[in-house]
DNA sequence: TACTGTGAACATGTTCACAGCC
DNA sequence: GGCTGTGAACATGTTCACAGTA
């Protein structure tokens, strides 16, 4: 079959669901651990447990990649590691730059999980001239002026932004202008980018807020009653005074001034 | 209405969709920014743009909280800030502990986004005795032996784990035993916890892998053809030799030994 | 026998488009 | 007129349950 990508199930062709893609790294991590322990074969049940998902989901996920298992036996660990790595594009080398070398940038530079997955930290970049030359994780920090040159010289297509929020959009613009097409953003800002550029964000405080939401639910589960556990005085609604129909926990019918 | 939570739309009662909950912090951040600029009112369109979502989604999300807008006008900024904060449980104070004070732990301790959202770092904990007493972000690091005491003395219900992977499960078990019921895990491991305990994970390398997946797609978009851009030699499949039907990018029909 | 692979049922999430209201 | 709020249509994701097979 030399005519490239022509066969394929034809039904969903080249569309691995996003939800599945997001779990592949999880499976890969679990498989890598098994591989290191020289486990030759694993069942969907075992692997699912190791990855923290249920086995039906795992099998469904794998079915999008192809039929890589053996009925009655399970999956060949090494083989699956290879297939998932290839699917994720980890059989090639991805040079990345990290911009903004504070505590977080340093943590990222030191993070072992990158190197072991085909990601190579091509450069660390910071706007503070005092940092230039200082090695972090064995890599000397370069000044932001060099950004464009670094990106093009190294063929960097993935950039990591760990600057303060205020600098993020500008850094992003420069990365994109220099040729970066994927950005991992740790700064708590919405980045705007042209079409064709992917952004993923990781916001440390958002995750905590989601936990707080659920935590609050647990507390109020059956101890309910308390409609005014609030301690902060609710602000007054601007205009209209009537007609709100928010669920419970609502403010008093006429809001305090 | 002293009889607590009795009214409510009755249809979906107390179920804000997870996807909506996950976006509330985003809206809150955008609203806070508007509030700081003393903007009194905002339309779904404007706010959606600021939060990086589309306006239909935003309106739908808000509709789960109640009818907090004014037709023809928009939403009152201060009022919405309050409502969302309350919904997320941020009108109360959440003491958190951070366990594992490496670069990442330090980054978290320094992160301004916590304090400003009702999260108070009650303690920093590390297993390294040499760190004990050293202040990080103005808070002295305490030894891991103190973990249980710290958690119960401070009524901590949310714990953050930023230890190496190997230590995470043990730390998790101790946190849970001490009374923590929500955990934010930065260690690249699957944590197992009893029912009733929430875990959210943030994995720095997983996000990069997802980007790599999409990046790979972009590259191969129309330059397709190359069925063997692979450079790493594919491992041999254990047993059976025939009958795989993976989509394109498959290995040669008979795998090389 | 013990497993995978997968249709079909179900659940959740998103978008559309417009009625309702200020 | 210009906005919100929301049913209804659609899209995506998850789970079930079992046929197929090494």
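Chains as they are written, first to last, in our numbering: chain W, 1 to 257; chain F, 1 to 257. C-beta atoms are modelled at their ideal positions from N, C-alpha and C, and glycine is treated no differently.
Taken in chain order, the whole beta strand (DSSP E) runs of length 3 or more contained in the stretch 65 to 129 of chain F are 74 to 76, 94 to 99 and 119 to 126. Chain F has no Cβ within less than 8 angstroms of the Cβ of residue 135(W). With distances taken between CA atoms, residue 139(F) lies nearest to 101(F) out of 174(F), 130(F), 101(F) and 116(F).
From the beta-carbon of residue 98(F), no residue of chain W is found nearer than 7 angstroms; the closest lies around 11 angstroms away. Taking all protein chains shown into account, residue 160(W) has 16 or more neighbouring C-beta atoms within 10 Å of its C-beta and is therefore buried. The DSSP-derived three-state label of residue 192(W) is coil. Only those residues of the stretch 154 to 174 of chain W whose C-beta falls short of 7 angstroms from the nearest C-beta of chain F are listed: 157 and 158.
Taking the beta carbon of residue 218(W) as reference, the chain F residues within 9 angstroms of it are 157, 181, 182, 196 and 198, listed in sequence order.
By the rule that beta-carbons nearer than 8 angstroms mark a contact, residue 27(F) does not touch chain W.
Apart from sequence neighbours up to five positions away, the residues of its chain that approach residue 61(F) with a beta-carbon distance below 7 angstroms are 20 and 23, ordered along the chain. In this structure the stretch 192 to 202 of chain W lies against the stretch 170 to 183 of chain W, because at least three pairs of beta carbons, one per stretch, are closer than 8 angstroms. For residue 200(W), the secondary structure class from DSSP, reduced to helix, strand or coil, is strand. At a cut-off of 8 angstroms between C-beta atoms, residue 125(F) does not count as an interface residue with respect to chain W. As DSSP reads the structure, residue 180(W) sits in no beta bridge. Residue 97(W) sits close to residue 125(W), with the two beta carbons spaced by under 8 angstroms. Interface with chain W (8 angstroms Cβ-Cβ cutoff): residue 142(F) is excluded.
At a C-beta separation below 7 angstroms, residue 51(F) has these neighbours in chain W: 190.
With distances taken between CA atoms, residue 147(F) lies nearest to 127(F) out of 127(F), 134(F) and 136(F). Taking a beta-carbon distance threshold of 8 angstroms, residue 15(F) does not count as an interface residue toward chain W. Collapsing the DSSP output to three states places residue 52(W) in coil.
A straight-line Cα-Cα distance of about 28 angstroms links residue 219(W) and residue 145(F). Exclusion of the five residues before and after residue 202(F) leaves 184, 185 and 186 as the residues of its chain whose Cβ lies within less than 8 angstroms of its Cβ. Excluding five sequence positions before and after residue 205(F), the CB atoms of its chain that fall closer than 8 angstroms to its own CB belong to 188, given in chain order. In the structure shown, residue 160(W) falls within a strand segment according to DSSP collapsed to helix, strand and coil. For a cut-off of 8 angstroms, the C-beta gap from residue 75(F) to residue 42(F) is around 6 angstroms, short enough to register as a contact. Look at residue 42(W) here: in three-state DSSP terms it is strand. Contacts between residue 113(F) and chain W, judged by CB atoms closer than 8 angstroms, involve 188, 203, 204 and 205 in chain order. Annotated three-state conformation of residue 135(W) is strand, per DSSP.
A distance of 8 angstroms or more separates the beta carbons of residue 113(F) and residue 162(F). Contact between residue 118(F) and residue 152(F) is absent: CB atoms are separated by about 21 angstroms, not below the 8 angstroms threshold.
Annotation for residue 158(F): 94, 96 and 182 place their beta carbon closer than 6 angstroms to its own, counting only its chain and skipping 5 residues before and after. In this structure the stretch 207 to 218 of chain W does not lie against the stretch 129 to 137 of chain F, because fewer than three pairs of beta carbons, one per stretch, are closer than 8 angstroms.
Residue 77(F) is positioned such that its CB atom lies closer than 8 angstroms to that of residue 34(F). For residue 21(F), the residues of chain W that pass the 7 angstroms Cβ criterion are 210 and 213, in the order they occur in the chain. As the crow flies, the alpha-carbon of residue 108(F) is around 12 angstroms from that of residue 123(F). Taken through DSSP and simplified to helix, strand or coil, residue 140(W) comes out as strand.
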